[in-house]
Amino acid sequence: MAEAGQTEKHGFQTEVKQLLHLMIHSLYSNKEIFLRELVSNASDAADKLRFKALSDNSLYGDDSELHVRISLDKDARTITISDNGVGMTRDEVMNNLGTIAKSGTAEFFGQLSGDQAKDSQLIGQFGVGFYSSFIVADEVTVRTRSAFEKGSIGVEWHSQGEGEFELAETEKARRGTDIILHLKEGEDEFLDEHRLRGIINKYSEHLSIPVQMWKAPVAEQENEDGEKIPAEPGQWQTVNSGQALWTRDKADISDEEYKEFYKTVAHDFDDPLLWSHNKVEGTTEYTSLLYVPKRAPWDLWNREQQHGVKLYVKRVFIMDDADQLMPTYLRFVKGLIDTNDLPLNVSREILQDNKITRAMRNGSTKKVLQMLKKLAKDDTEQYQQFWDTFGNVLKEGPAEDNGNQERIAELLRFASTHSESAAQTVSLDDYLQRMKEGQDKIYYIVADSYEAAKNNPALEIFRKKGVEVLLLSDRIDEWLMSHLTEFKDKQLQSVTRGDLDLGELDDEQDKEQQEQAEEAFKEQLKRFETALGDRVKKVRVTHRLTDSPACIITDENDMSTQMAKLMEAAGQQVPETKYIFEVNPNHPLVVKMTEKDDTAFNQWADVLLDQATLAERGSLKDPASFVTKLNKLMLDA
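In terms of this note's numbering, the sequence shown is residues 205 to 841.
As structure tokens, then:
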């Protein structure tokens, strides 16, 4: 260790220990990605310095040619990846190399099963970064000096990846970071210069920062004719082309190049599901390269985590996760946007309310929705895979993006009473094509589960008439339907809210029978009202039920059951909802009840209300009381 400062020992954060263990034991089949990750990080450090130097050119000092350099020492069995980028302070080293400073890591690690193949896929979603060093190295040393630090004192970090790391001051003449990997036994392939060049060409060809390798000096030689071949001094040679992939013509870029670029920009192991590369000209000019992943990233459900695409201005990297350029409901999209229309010193605050930003956001959003629409049309199986992975995120769209509400609605998929299982879904367009003659609404039900939705008593009249009902059972569905109220001029109607109006689906005979039933049951309704009192908002004869004795319905202006549950889960105070109690006068149980005295009738009315509540809410406030009442009635019977 360096003499400039005393060595300190620190323990890794628990999550880092877990990640290191998994790096070593799960990623053995794809070891070469360590170089992709370290070169990408080094390139980012150079990009960040270039951006900072726009407002303070003195940060360059006498070293303005940014680069990433890779060198080998076969005798010492080391690989060194160096950059002259922004570097790190001591605090940054502690934060970046000792912890994983991301919320949600505990939930992520909770998904790990111990199955190496499955865990390696999860790690790919998490992003491996610097810690991928330990895939091939049993000892890693980092020497770094921040461009903002004066003098020549830097920081040295050292670890064998076994639970702790050492930290000390060190002499470092130049800014930037050197990462020295001490290779494990058996990793000799990475001491081969040609092997490393091949990896760089595969993963880092697109980087705008030169990636260089040292070419050893060549002594003077003679050819076969005795002519002298001059000696060549040792020199750094640039390995990558240095041309940003998105600036090239689409016709000149292979699918394989697009896929490899995605893996670098998204830190993913898998190929993307699809992508779109566009150059937009007009009032606002920009180039976008946008990808939809196959798998969900580990932090998909953390809306507080910054998401978004990378922003470049005139090919200069400005920021990661420019969330102003992509709506939150498309936070799974990876890629970048490059424009000449913004200033190089643009900040997140400037991006927040900027007409150029809005134009790029609107254009990119529509492009992603078009990509997904085309996938849904061309490959229903692949689109179903996308929906299974990202569908619940897309459902946030109608509330967030009113301007694209119908475009988003076309992409939504739901189970329905015409489906054989929850996995078999239909689009709203499918539903419209199958609507019954005279039907003027799209009917749906929201419940806690697919089974609860499918078996809800409120569906009985719809089954009788052969009317399809969408079955919604995800937590976000009630929120979705509170904003998506119509589709292509057809109103969406919950079958458990308000009065049931089937329009032309009810013939005159149906209506006449309903009126007769209501008139004949007037006196019994009064008995129910007396028995249930203020536990219900209203009692009425049902037109929904054919096989069940009763159900509860939410009034049109009251908060629905699922919305109340959603708000309660978010810690909100929710006012108690009083339901409308609907009774089926033709059900044998109800007929028997009407023959009982008031005491027995009241007991049965209580049990029927609890049953209906259980079917709608999935739970009761006082289940023990319900069981006691039911047992007593069974004994009396």
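Glycine included, each C-beta is placed from N, C-alpha and C at the ideal position. Note that the coordinates shown come from a computational prediction; the quantities given were computed from them, not determined experimentally.
Closest by C-alpha distance to residue i, when choosing among the options
i	options	result
V496	D801, M797, R294 and L573	L573
E786	R744, I339 and N761	R744
L696	V650, A841, H386 and A627	V650
F666	D681, G707, D260 and E393	G707
I283	E393, G265 and I357	E393
V550	G539, K570, Y533 and D524	D524
V422	G430, D605, A435 and E428	A435
I383	E424, G355, A420 and Y335	Y335
N300	I457, N261, L371 and L793	L371
L555	T569, M530, L534 and F536	M530
E353	D826, L395, Q717 and G289	G289
G438	E424, H481, T689 and D459	E424
E389	D342, L813, D527 and H362	D342
V517	W505, S492 and L504	S492
W591	E431, Q628 and L813	Q628
C755	V811, Q643, Q807 and E428	V811
K463	V443, P476 and G607	P476
D295	R254, D267 and E360	E360
T765	I680, G446 and S445	I680
L818	E409, T561 and A657	A657
G365	L793, N405 and F216	F216
Y648	K668, V520 and E682	E682
N606	L729, V443, T689 and A526	T689
A735	K419, W808 and I274	W808
E624	L494, E655 and F805	E655
T374	K578, S653, E397 and G355	G355
Y490	S568, F465 and P501	S568
W479	K498, E760 and F473	K498
N236	E269, K467 and V346	The residue you asked about is not Asn; residue 236 is Glu in the sequence shown. E236 has its Cα closest to that of K467, out of E269, K467 and V346.
Unbroken alpha helix (DSSP H) run spanning residue i, endpoints
i	result
H398	E397 to Y407
W808	D802 to R821
R294	R294 to L301
M564	K559 to D582
A246	I237 to K256
V831	P827 to D840
Q556	R552 to Q556
G601	G601 to E604
I612	Q609 to L615
D714	E712 to A724
Presumed contact (8 Å Cβ cut-off) between residue i and residue j, rounded CB distance
i	j	result
V740	M763	With a Cβ gap of about 16 Å, V740 and M763 do not count as contacting.
W379	S350	Residue identity check: residue 379 is Arg in the sequence provided, not Trp. About 7 Å; that satisfies the 8 Å criterion.
V272	T348	Contact doesn't hold; Cβ gap of about 14 Å is too wide.
L636	K599	Not confirmed; about 19 Å, so no contact.
L276	L395	6 Å
V673	K640	Not confirmed; about 12 Å, so no contact.
L239	I403	5 Å
R565	Q528	7 Å
S829	M767	No, S829 and M767 are not in contact; Cβ-Cβ is about 26 Å, not under 8 Å.
V513	K483	About 16 Å separates the two Cβ atoms, so there is no contact after all.
H410	L449	4 Å
Span of the beta strand (DSSP E), counted from its first residue to its last, around residue i
i	result
E428	Here E428 belongs to no beta strand (DSSP E), and DSSP marks it neither H nor E.
H271	Per DSSP, H271 belongs to no beta strand (DSSP E) and is neither H nor E.
F216	Counting along the chain, F216 falls outside any beta strand (DSSP E), and DSSP gives it neither H nor E.
V745	K742 to V745
Q441	Q439 to T442
W505	Segment: none, W505 is in no beta strand (DSSP E) and carries neither H nor E.
V177	Since the first residue of the chain shown is 205 and the last is 841, residue 177 is not available in this structure.
F521	V520 to A526
S286	T282 to D287
Y264	No beta strand (DSSP E) contains Y264, which DSSP labels as neither H nor E.
L515	V513 to V517
D542	K538 to T543
Any non-hydrogen atom of the ligand SAM closer than 6 Å to residue i Cβ
i	result
N300	Here there are no bound small molecules, and the ligand SAM is not part of this structure.
At a cut of 8 Å, does the stretch 529–546 reach the stretch 615–625 through at least three beta carbon pairs? no
Should the stretch 412–426 be regarded as contacting the stretch 243–251, the criterion being three or more beta carbon pairs within less than 8 Å? yes
Counting only runs of 3+ residues fully inside the stretch 634–696, write out the beta strand (DSSP E) ranges in chain order. 645–650 and 674–676
Any beta strand (DSSP E) of 3 or more consecutive residues that is wholly inside the stretch 460–500: 478–484 and 490–496
Jot down the residue ranges of each uninterrupted beta strand (DSSP E) in the stretch 756–794, minimum 3 residues, whole runs only, in chain order. 784–787
Write down every uninterrupted run of the alpha helix (DSSP H) in the stretch 336–411 whose length is 4 residues or greater and which is fully enclosed by it, in chain order. 397–407
With contact counted as at least three CB pairs below 8 Å, one residue from each stretch, are the stretch 652–667 and the stretch 744–760 in contact? yes
Just checking, does the stretch 699–706 make contact with the stretch 716–726 on the three C-beta pairs under 8 Å criterion? no
Does the stretch 532–539 come close enough to the stretch 251–269 to have 3 or more Cβ pairs within less than 8 Å? no
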